[in-house]
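Quick note, the numbering used here runs 826 ahead of the 1-based positions in the sequence shown.
For glycine and all other residues, C-beta sits at the position ideal for the given N, C-alpha and C.
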Amino acid sequence: MTDPASSIELTDLEPTAADMTALVIEGLSKPQKTLPTAFLYDEAGSELFDAITDLPEYYPTRTELSIMRESLPQMAQAVGPEALVIEYGSGTGLKTRQLLRALQSPVGYVPVEISREFLMTSAAKLQDEFAQLEVLPVCADFTEPFEVPEPSKPARRRALYFPGSTIGNFRPEFATRLLRQMHEEVGKGGCALIGVDLVKDVQVLEAAYNDSAGVTARFNLNMLSRANAELGADFDVEAFRHRAVWVESRGSIEMRLYARRPTAVTLAGKRFTFETGEYIHTEDSHKYSLEGFAELANAGGFDVAQVWTDEAKYFSVHYLQAR
Ligand SMILES: C[S@@+](CC[C@H](N)C(=O)[O-])C[C@H]1O[C@@H](n2cnc3c(N)ncnc32)[C@H](O)[C@@H]1O
């Protein structure tokens, strides 16, 4: 018997170390220093994110999972039979498994992930579990347009799956651009299922990103260790501490790395200095109202056809139809 996982073919568009170095230098050269959010996710970062999803303070994953468990039959009916499912930022594919089990005869699954090893492991596991499904992984930065691989069996419809409120990691202008790109990928008549975190009590929000076990801190600081290991930077990782803060004017949780003392880093011959208390902005997590997200979806060329939430209205899953 052949092993279905061994036949998986990867479309490899992984950004190179030179691409990443250029992005890191660009971010550190800004008046407000930043690091590219996608750089959070190497193998260690993806494992740490997976650990975050189990933390008591981190409500998004378990809330989204509970919404899905409750409404999977309606979601599957909305998507319809023989769909090609394209997932941006697939991670472990925990929610994807639920969706794929509920869908009627999906023809293919295209996980798109920047974290290469994680993608290959999770795609192989999925292929083992869903032997009839064609799994076509793409290692790429999904913020850049890419070619979606075609399954051998034609799909009746393309469905873009984007859970985890990863859409919140982008400023609304960029999130609109991303929605337009998704619209192009699914085409007119295609659809999208998007998990969106909602505005709520500031204490709940800040606790979710400043967990008491310090896992989110390790996840954030891993970026600096990664820059040292992969890009030849020399960050003094101990000189920084993690803090996530709610920025009301932006409707976003910002993850930051604060310098504990004056420090400096050299990367590709460029030196960047930090004063005590200065910070690097590493991630945004925008929170939406249902109306606010509907506006964004509309600007991206989609109509909101259905929305599911939990009782406390902490999280939402939106079913969008491409106009
Ligand atoms: C917030 S996690 C969500 C993971 C999973 N979808 C979930 O719902 O739990 C974001 C995922 O997107 C991936 N990712 C983030 N930015 C990306 C980018 N620009 N291109 C491709 N993958 C990206 C990360 O590696 C990570 O697996």
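Item	Value
Which residues in the same chain have their Cβ closer than 7 Å to the Cβ of D1237, if we skip the five residues on either side of it in sequence?	A question about residue 1237 goes unanswered here, because the residues of the chain that appear run from 827 up to 1149.
So, with DSSP's three-state summary, where would you put G1118?	helix
Which residue from V1063, F1128, A864 puts its Cα closest to that of I940?	A864
Of all the options A1131, K951, T1089, G1058, which has the alpha carbon lying nearest to the alpha carbon of G1015?	A1131
Tell me the DSSP secondary structure of A1018 in three-state form.	strand
Ligand 1 and S991: does any heavy atom of the ligand fall closer than 8 Å to the residue's C-beta?	yes
With a threshold of 8 Å, establish whether the CB of S872 neighbours any heavy atom of ligand 1.	yes
May I ask which residues mark the beginning and end of the beta strand (DSSP E) holding Q1029?	Per DSSP, Q1029 belongs to no beta strand (DSSP E); it is in the alpha helix (DSSP H), 1028-1035.
Quick check: what's the CA-CA separation for R1044 versus V850?	19 Å
How would you write the range of the alpha helix (DSSP H) that R927 sits in, first residue to last?	920-928
Do you know whose CA, among Y1105, T1108, Y1035, L1057, lies nearest K1096's CA?	L1057
Identify the continuous beta strand (DSSP E) that holds E896 and give its terminal residues.	Unbroken run through E896 is the alpha helix (DSSP H), 885-905; no beta strand (DSSP E).
State the DSSP-derived secondary structure class of S1142, mapped to helix, strand or coil.	strand
Between A1125 and T1002, what straight-line distance do the alpha-carbon atoms span, to the nearest angstrom?	6 Å
Look at the Cβ atom of D1110, then the Cβ atom of E1074, and state whether they are nearer than 9 Å.	no
Confirm, please, whether the CB-CB distance from E960 to G919 is below 9 Å.	no
Assuming V936 and A985 are in contact, meaning their beta carbons sit under 8 Å apart, how far apart are those beta carbons, in whole angstroms?	Not a contact, Cβ separation roughly 10 Å.
I want to know whether the region 857-876 touches the region 1007-1023 - three or more CB-CB distances under 8 Å.	no
Taking C-beta to C-beta, are I893 and V1041 nearer than 9 Å?	no
Return yes when at least one heavy atom of ligand 1 lies under 8 Å from the C-beta of A1131, else no.	no
Whole angstroms are fine: how far does the CA of R888 sit from the CA of V1133?	17 Å
Any idea what DSSP makes of P998, helix, strand or coil?	helix
For R942, I'd like the list of residues in its chain whose CB is within less than 7 Å of its CB, leaving aside the five on either flank, ordered along the chain.	E840, C965
To the nearest angstrom, how far is the alpha carbon of V774 from that of S1115?	This structure cannot speak to residue 774, because the chain is shown only from 827 to 1149.
Going by C-alpha to C-alpha distance, which of S1142, G1103, T837, R1067 sits closest to F968?	T837
Whole angstroms is fine: what's the gap from D1129's alpha carbon to Y987's?	15 Å
Among V1143, S833, D880, I834, whose alpha-carbon lies nearest the alpha-carbon of I1020?	V1143
Using 10 angstroms around the beta-carbon of V1030, count the other beta-carbons present and answer buried if the total reaches 16, otherwise exposed.	exposed
Mark E913 as exposed unless 16 or more other C-beta atoms lie within 10 angstroms of its C-beta, in which case mark it buried.	buried
Please list, in chain order, all residues of the same chain as M1049 whose beta carbon is under 8 Å from its beta carbon, the five residues on each side excluded.	L861, F865, L866, G871, L1083, T1108
Could you tell me which of R1149, F1100, T992 sits nearest to D1062, measuring between CA atoms?	F1100
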